[in-house]
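Enquirer: One structure is given below, represented as structure tokens, and several questions about it will come after.
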Amino acid sequence: MFRRMLVPLDGTPAAERALLIAAHLARAAQGSVTVLRVIEWPPPGMLADSSTLFDPSSSLAEHEIARATHYLNETVQNYAQALEHLPVEQEVAFGPPASTVFSAARLEQTDLIILCTHAASRLKRWLVGSMAQQAVRRSPAPLLVFHEQGPLLPFPRPGRPLRLLLPLDGSLTAEAALKPAFQLLALLAPPALSLVQLLSIIDVPGYGSLGGLRIPDPGLREQLQEEARSYLEGVMQRIRQEQLADPAVTITSTVIASSNVPGAILKHAAAEDAQDPAQPFDLIALATHGRSGLARLLLGSVTEQLLTSSKLPLFIVRPGMLHEGDGAQEEPAGQAEEHKPPAADDSGAASWTGLL
1 MFRRMLVPLD GTPAAERALL IAAHLARAAQ GSVTVLRVIE WPPPGMLADS STLFDPSSSL
61 AEHEIARATH YLNETVQNYA QALEHLPVEQ EVAFGPPAST VFSAARLEQT DLIILCTHAA
121 SRLKRWLVGS MAQQAVRRSP APLLVFHEQG PLLPFPRPGR PLRLLLPLDG SLTAEAALKP
181 AFQLLALLAP PALSLVQLLS IIDVPGYGSL GGLRIPDPGL REQLQEEARS YLEGVMQRIR
241 QEQLADPAVT ITSTVIASSN VPGAILKHAA AEDAQDPAQP FDLIALATHG RSGLARLLLG
301 SVTEQLLTSS KLPLFIVRPG MLHEGDGAQE EPAGQAEEHK PPAADDSGAA SWTGLL
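At position 55 of the sequence shown the residue is numbered 55 (the UniProt record's numbering), and the sequence of numbers has no breaks.
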């Protein structure tokens with residue numbers, strides 16, 4: 001369960017929006033919120049050498065700490081109504097932004113890191129910039145990422161459930177997002193007003209081309225769709241058998257044929273391919289894949305495009321770093337394909353297993 005929320009702030013109003021959802025989650029879980037202001041050190045553009053070593057007793061350090069403390073006090077006061085009666089801690093830290101955030105999360109035994117990114121935000125650069133490959137691999141907690149121009153999670157409105165989209169590629173690692181996703185959903189909305197859709201994307205190889213466009217093999221497409229549907233049905237059965245979700249939560253599944261996995265996820269999440277365009281999804285949840293963990297996910301072709309292109313909130317899970325008992329562990333080598341939908345190997349059918 002998510003009880004200890006960490007909200008890193010970069011000094012911008014956009015980043016501060018994360019406090020609203022952090023407060024809601026902490027209240028629902030009877031948990032707490034920690035707000036963190038990282039003072040980047042060495043400062044950008046300054047080479048790290050003996051002259052830039054941080055001295056907490058220096059006048060510069062004292063000045064920066066005072067500024068950061070004042071900022072946190074002011075921000076918490078501005079969000080006093082949302083944070084009312086919640087345990088709130090304020091922290092100031094010096095260091096490289098990404099690694100300092102994750103070190104603080106580990107020290108605080110954080111359950112969930114909540115970020116709101118925007119175009120000029122250092123937080124966004126921490127996630128998708130050059131530091132991500134090293135820092136994000138050490139993330140000790142799942143991430144809930146919001147976009148400045150996108151919605152915060154809309155709490156259920158009459159007649160409309162909170163809708164969560166969960167892409168699965170057939171691997172145990174991808175399925176590790178199931179339990180934490182349902183745990184998060186339980187804090188966001190009542191079970192009767194919650195909907196989760198499992199999504200499988202198949203890439204149907206072509207048997208020829210016309211005008212430069214690939215012609216899909218209709219027979220193979222039907223076969224792969226049936227295999228994917230069977231796989232998702234099995235996952236839904238396990239969800240019920242293992243009681244990962246409240247019985248009142250609506251769980252559905254769908255299969256899409258596309259060679260553009262991130263594009264298909266975004267289009268489906270926005271309900272652009274649905275008959276009812278008024279029912280887009282509110283949140284996309286997915287787990288990392290591969291030995292490089294969360295960094296592989298953030299910098300990989302699928303999720304990098306989701307982070308940079310989607311304005312929907314993203315819930316990102318790193319299986320190997322979940323708290324014991326709260327989710328799946330990093331799957332041993334050779335077991336990543338245990339639940340993978342069968343592929344027609346002789347046909348050259350492409351699979352997106354591992355792209356997450």
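Glycine included, every Cβ here is placed at the ideal spot set by N, Cα and C.
Hey, how far is the Cα of residue 76 from the Cα of residue 69?
Expert: For this step, residue 76 is matched to residue 76 along the sequence shown. For this step, residue 69 is matched to residue 69 along the sequence shown. Spanning the two alpha carbons is a distance of roughly 11 Å.
Enquirer: Could you say which of 31, 317, 287 lies nearest to residue 169 if we only look at CA atoms?
Expert: As a working note, residue 169 is residue 169 in the sequence shown. Here the closest residue by C-alpha is 287.
Enquirer: Residue 173: buried (16+ other C-beta within 10 angstroms of its C-beta) or exposed?
Expert: On the sequence shown, position 173 is the one that residue 173 refers to. Residue 173 comes out buried.
Enquirer: Would you kindly check if the distance between the Cβ of residue 93 and the Cβ of residue 38 is under 8 Å?
Expert: What you label residue 38 is simply residue 38 of the sequence shown in a count that begins at 1. What you label residue 93 is simply residue 93 of the sequence shown in a count that begins at 1. The answer is yes: Cβ separation under 8 Å.
Enquirer: Can you look up residue 17 in the DSSP assignment and give me helix, strand or coil?
Expert: Position 17 of the sequence shown, counted from the start, is the residue given in the question as residue 17. The answer is coil: DSSP assigns residue 17 none of H, G, I, E or B.
Enquirer: Counting pairs of Cβ atoms below 8 Å between the segment 173-187 and the segment 217-232, do you hit three or more?
Expert: no
Enquirer: Is it true that the CB of residue 256 sits closer than 8 Å to the CB of residue 236?
Expert: Position 236 of the sequence shown, counted from the first residue, corresponds to residue 236. Position 256 of the sequence shown, counted from the first residue, corresponds to residue 256. No. Outside cutoff.
Enquirer: Thinking residue 105 and residue 141 are a contact (beta carbons under 8 Å), I'd like their distance in whole angstroms, please.
Expert: As a first step, residue 105 must be located in the sequence shown, where it is residue number 105. As a first step, residue 141 must be located in the sequence shown, where it is residue number 141. Rounded, the Cβ-Cβ distance is 5 Å, consistent with contact.
Enquirer: In whole angstroms, what separates the C-alpha of residue 258 from that of residue 219?
Expert: If you number the sequence shown from 1, residue 258 lands on position 258. If you number the sequence shown from 1, residue 219 lands on position 219. Straight-line Cα distance between these residues: approximately 16 Å.
Enquirer: Do you know whose CA, among 225, 147, 2, 316, lies nearest residue 202's CA?
Expert: Translated into the one-based positions of the sequence shown, residue 202 becomes position 202. Of the listed residues, the one whose Cα sits closest to residue 202 is 225.
Enquirer: Pop quiz: residue 16 and residue 9 are said to be a contact at Cβ under 8 Å. What is the actual Cβ separation, rounded to whole angstroms?
Expert: Position 16 of the sequence shown, counted from the start, is the residue given in the question as residue 16. Position 9 of the sequence shown, counted from the start, is the residue given in the question as residue 9. Right, their Cβ atoms sit about 6 Å apart.
Enquirer: Tell me whether residue 58 is buried or exposed, calling it buried when 16 or more other Cβ atoms sit within 10 Å of its Cβ.
Expert: Counting from 1 along the sequence shown, the entry for residue 58 is found at position 58. That one is exposed.
Enquirer: If you draw a straight line from the C-alpha of residue 117 to the C-alpha of residue 90, how long is it?
Expert: Within the sequence shown, numbered from 1, the residue matching residue 117 stands at position 117. Within the sequence shown, numbered from 1, the residue matching residue 90 stands at position 90. Rounded to whole angstroms, residue 117 to residue 90 spans 20 Å at the Cα level.
Enquirer: Pull the bridge partners of residue 143 from the DSSP assignment, please.
Expert: Along the sequence shown, read from residue 1 onward, the residue named residue 143 stands at position 143. DSSP lists 113, 316 as partners of residue 143.
Enquirer: Relative to the C-alpha of residue 183, which residue among 262, 28, 18 is closest?
Expert: Residue mapping note: residue 183 aligns to position 183 of the sequence shown, counting from 1. Answer by Cα proximity: 28.
Enquirer: Take residue 73 and list the residues in its own chain whose beta-carbon comes closer than 8 Å to its own, dropping the five residues that flank it on each side.
Expert: Translated into positions along the sequence shown, residue 73 becomes position 73. Cβ neighbours of residue 73 beyond the five flanking positions: 90.
Enquirer: For residue 166 versus residue 18, is the C-beta spacing smaller than 8 Å?
Expert: Numbered from its first residue, the sequence shown carries residue 166 at position 166. Numbered from its first residue, the sequence shown carries residue 18 at position 18. Cβ distance not < 8 Å, so residue 166 and residue 18 don't count as in contact.
Enquirer: Output needed for residue 190: all residues of its chain with C-beta closer than 6 Å, excluding positions within five of it in sequence on either side, in chain order.
Expert: Position 190 of the sequence shown holds residue 190. Correct list: empty, nothing qualifies.
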